[in-house]
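Residue numbers (our numbering), protein chains in the order written: chain A, 22 to 247; chain B, 22 to 247. Where is the CB? At the ideal position from N, CA and C, for every residue including glycine. For clarity, every value in this text was computed on a predicted model and none was experimentally measured.
Protein chains: 2
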Amino acid sequence: MQLSRTEQNYLKAIYMISASSTEAVEASTNAIAARMDTRPASVSDMLRRLSDKGLLNHNRYKGVTLTESGMQQALFIVRRHRLWEHFLVHSLGFRWNEIHEIAEELEHVSHPELIARLDAFLGNPTEDPHGELIPGAHLQMPHRPTKPMNSLISGEHARVVCVDEGSDVLLKYLDEIELRPGSHFHVVSVEKFDNSMRIRREDGSEWRITREVSNSVQVKRLDRMP
Amino acid sequence: MQLSRTEQNYLKAIYMISASSTEAVEASTNAIAARMDTRPASVSDMLRRLSDKGLLNHNRYKGVTLTESGMQQALFIVRRHRLWEHFLVHSLGFRWNEIHEIAEELEHVSHPELIARLDAFLGNPTEDPHGELIPGAHLQMPHRPTKPMNSLISGEHARVVCVDEGSDVLLKYLDEIELRPGSHFHVVSVEKFDNSMRIRREDGSEWRITREVSNSVQVKRLDRMP
DNA sequence: AAACATATTTTTGCGGGGATAAAAATAATG
DNA sequence: CATTATTTTTATCCCCGCAAAAATATGTTT
Numbered sequence: 022m023q024l025s026r027t028e029q030n031y032l033k034a035i036y037m038i039s040a041s042s043t044e045a046v047e048a049s050t051n052a053i054a055a056r057m058d059t060r061p062a063s064v065s066d067m068l069r070r071l072s073d074k075g076l077l078n079h080n081r082y083k084g085v086t087l088t089e090s091g092m093q094q095a096l097f098i099v100r101r102h103r104l105w106e107h108f109l110v111h112s113l114g115f116r117w118n119e120i121h122e123i124a125e126e127l128e129h130v131s132h133p134e135l136i137a138r139l140d141a142f143l144g145n146p147t148e149d150p151h152g153e154l155i156p157g158a159h160l161q162m163p164h165r166p167t168k169p170m171n172s173l174i175s176g177e178h179a180r181v182v183c184v185d186e187g188s189d190v191l192l193k194y195l196d197e198i199e200l201r202p203g204s205h206f207h208v209v210s211v212e213k214f215d216n217s218m219r220i221r222r223e224d225g226s227e228w229r230i231t232r233e234v235s236n237s238v239q240v241k242r243l244d245r246m247p
Numbered sequence: 022m023q024l025s026r027t028e029q030n031y032l033k034a035i036y037m038i039s040a041s042s043t044e045a046v047e048a049s050t051n052a053i054a055a056r057m058d059t060r061p062a063s064v065s066d067m068l069r070r071l072s073d074k075g076l077l078n079h080n081r082y083k084g085v086t087l088t089e090s091g092m093q094q095a096l097f098i099v100r101r102h103r104l105w106e107h108f109l110v111h112s113l114g115f116r117w118n119e120i121h122e123i124a125e126e127l128e129h130v131s132h133p134e135l136i137a138r139l140d141a142f143l144g145n146p147t148e149d150p151h152g153e154l155i156p157g158a159h160l161q162m163p164h165r166p167t168k169p170m171n172s173l174i175s176g177e178h179a180r181v182v183c184v185d186e187g188s189d190v191l192l193k194y195l196d197e198i199e200l201r202p203g204s205h206f207h208v209v210s211v212e213k214f215d216n217s218m219r220i221r222r223e224d225g226s227e228w229r230i231t232r233e234v235s236n237s238v239q240v241k242r243l244d245r246m247p
């Protein structure tokens with residue numbers, strides 16, 4: 022089935038909303054509208070059409086989930102997006118904060134042979150520049166348990182797994198303080214009143230991280246205690 | 022000015038029609054419709070809109086030419102198309118007959134920084150895989166005198182400059198008989214009744230070339246006489 | 001030159017995709 | 001039950017496609 026650019030964007034948005042939670046959750050009309058910067062009336066209209074095509078399960082007045090077919094489509098879009106992001110950074114030398122909008126265009130070019138060859142050309146990468154997993158050729162999405170950085174408590178060690186790609190300024194900031202996928206740190210302290218945390222790295226550098234920032238970073242807790 | 026995909030395709034078609042002739046010629050509604058596989062009514066409508074945007078000079082009931090602004094847009098589209106074709110062949114390993122449709126998608130992704138970096142990544146190529154010139158970063162299109170292969174006469178030597186990229190089967194055939202940009206040959210004979218020609222290469226191989234084929238190949242005549 | 005025939009182009013009216021605001025319907029909550 | 005938030009429907013708009021009809025250009029004949 023050949024989907025329009027707009028339909029693809031809807032499926033991706035619905036996938037992202039579902040995937041943002043731990044468990045598969047229904048995406049609401051308002052949530053989709055907010056993420057896509059469009060009006061709920063437009064969303065409601067499109068949800069009906071996508072259900073008619075068998076891509077969504079629609080609970081009227083409740084929300085939608087992806088069908089098996091819709092999930093395949095969404096995962097292929099995500100695969101294309103993240104492969105192109107890898108290309109933009111590793112082949113063309115873009116910074117990780119410059120690639121989102123470009124990849125949003127490239128992701129809609131969907132000749133299967135192109136994506137297969139791009140994947141091979143890049144060396145079959147498993148993660149994009151922000152640390153997000155790239156669905157494989159068979160559109161399987163591996164499970165990888167992570168927790169938001171802001172759920173860490175004082176004294177815990179952690180490794181950055183991935184960061185939200187949405188905000189240009191946030192990505193620049195994370196780059197400056199070297200909080201990138203793979204970075205290790207431990208939590209020196211957590212402020213009660215605003216949930217900001219102080220972290221320290223092995224090189225001794227210390228940073229104060231606001232809640233807004235730590236909410237955009239996914240980590241894996243490490244057992245090592247100093 | 023941000024152009025829709027459709028508008029871009031119209032500008033490219035008009036450019037191609039104009040460029041196919043030696044001198045800048047007006048593109049007719051019918052010619053545009055034929056090239057774009059659409060109806061003259063749709064073309065006529067779009068020509069009016071593109072003139073309103075200052076991209077075309079429109080002689081009602083006669084034809085259109087690109088304005089300076091329209092020409093810049095068209096050349097940038099052609100530049101993107103041909104750079105991506107180079108990428109598809111030289112980086113991803115596609116054959117030259119497999120790339121046209123994919124490049125038609127990629128050409129619409131038009132972030133200037135992306136194209137600049139792609140150009141540098143590819144080593145600032147001047148020709149695409151079919152031998153067509155790639156407009157430079159400042160959208161200058163170098164002049165390169167060529168003549169159609171079917172205008173050669175018996176005994177003349179020539180070098181292939183470029184070939185039409187449109188037909189998959191033709192490109193496969195040209196690849197088989199090694200009639201590619203850079204190939205040298207001389208015309209052994211030309212049949213009067215169907216304009217087919219017999220050519221010979223330095224390795225002694227001989228081929229009979231029909232008029233349809235020789236009409237799709239541009240050559241440069243060489244002075245060397247055997 | 002005038003008259004006619006043919007080819008081409010433009011206009012008109014209309015349909016689908018996709019967006020919107022405004023209004024109506026439904027769900028959630030006190 | 002009443003209020004509020006959310007969702008859906010309705011009516012409308014723009015982009016871009018089409019067929020049919022009207023307008024214009026071109027070529028031929030007299």
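Run the CB neighbour count on P247(B), radius 10 Å, all protein chains shown included, and call it buried at 16 or more, exposed below.
Note that P247(B) scores 47 on pLDDT, short of 50, meaning its location in the model is unreliable and no value can be drawn from it.
So for L143(A), helix, strand or coil by DSSP?
coil
Is there a Cβ of chain A sitting closer than 9 Å to that of L127(B), yes or no?
yes
So what's V181(B) in DSSP terms, helix, strand or just coil?
strand
Going by DSSP, which residues form a beta bridge with V240(A)?
K168(A), V181(A)
Does the Cβ of P163(B) have 16 or more other Cβ atoms within 10 Å, making it buried, or fewer, making it exposed?
exposed
Roughly how many angstroms lie between the CA atoms of L77(B) and L109(B), to the nearest whole one?
32 Å
I'd like to know if I123(B) contacts chain A, where contact means its C-beta is closer than 9 Å to some C-beta of that chain.
yes
Answer with buried or exposed for A62(B), where buried requires no fewer than 16 other C-beta atoms within 10 angstroms of its C-beta.
exposed
What are the boundary residues of the alpha helix (DSSP H) that N51(A) is part of?
Following the DSSP letters along the chain, one finds N51(A) inside the alpha helix (DSSP H) bounded by residues 50-57.
Listed from N- to C-terminal order along the chain, which residues in the segment 226-244 of chain B have their beta-carbon within a distance smaller than 7 Å of any beta-carbon of chain A?
Within the segment 226-244 of chain B, no residue qualifies.
9 Å is my cut-off, CB to CB: does T27(B) come that close to chain A?
Not closer than 9 Å to any Cβ of chain A, the Cβ of T27(B) fails to qualify, so no.
In chain B, what lies closer than 9 Å to G187(A) by C-beta?
Here the premise fails: no neighbours, minimum Cβ distance about 18 Å.
CB-CB under 7 Å to R232(B), same chain, minus the five flanking residues each way: which ones, in chain order?
N171, D215, N216, S217
Enumerate in chain order the residues of its own chain whose CB-to-CB distance from I155(A) is below 7 Å, with the five nearest sequence positions on each side excluded.
R100, R103, L104, P146, T147, E148, D149
Taking its Cβ as the centre, do 16 or more other Cβ atoms sit within 10 Å of A124(A), making it buried, or is it exposed?
buried
If I'm right that H207(B) touches R221(B) with Cβ under 8 Å, what's the distance once you round it to whole angstroms?
6 Å
CB L32(B) to CB L87(B), shorter than 9 Å?
Closer than 9 Å, so yes.
Helix, strand or coil: how does DSSP classify H159(A) here?
coil
For S63(B), three-class secondary structure by DSSP:
helix
Residues bridged to S210(B) (per DSSP):
R219(B)
Nearest CA to the CA of T27(B): which residue from I38(B), T50(B), S39(B), M57(B)?
M57(B)
With contact counted as at least three CB pairs below 8 Å, one residue from each stretch, are the segment 82-96 of chain A and the segment 124-133 of chain A in contact?
no
Closer than 9 Å, CB to CB, is H132(B) near chain A or not?
yes
Would you kindly work out how many angstroms separate the C-alpha atoms of E47(B) and K83(B), rounded to a whole number?
8 Å
Which of helix, strand or coil does DSSP assign to V234(B)?
helix
Any chain A beta carbon closer than 9 Å to F206(B)
no
How would you write the range of the beta strand (DSSP E) that G84(B) sits in, first residue to last?
84-87
Residues in its own chain within less than 7 Å of E177(A) by CB, not counting five upstream and five downstream?
H207, V208, R242
If I'm right that G152(A) touches V190(A) with Cβ under 8 Å, what's the distance once you round it to whole angstroms?
The pair is not a contact, with the Cβ atoms about 18 Å apart (cut-off 8 Å).
Would you say S112(B) faces chain A, with C-beta separation under 9 Å as the test?
yes
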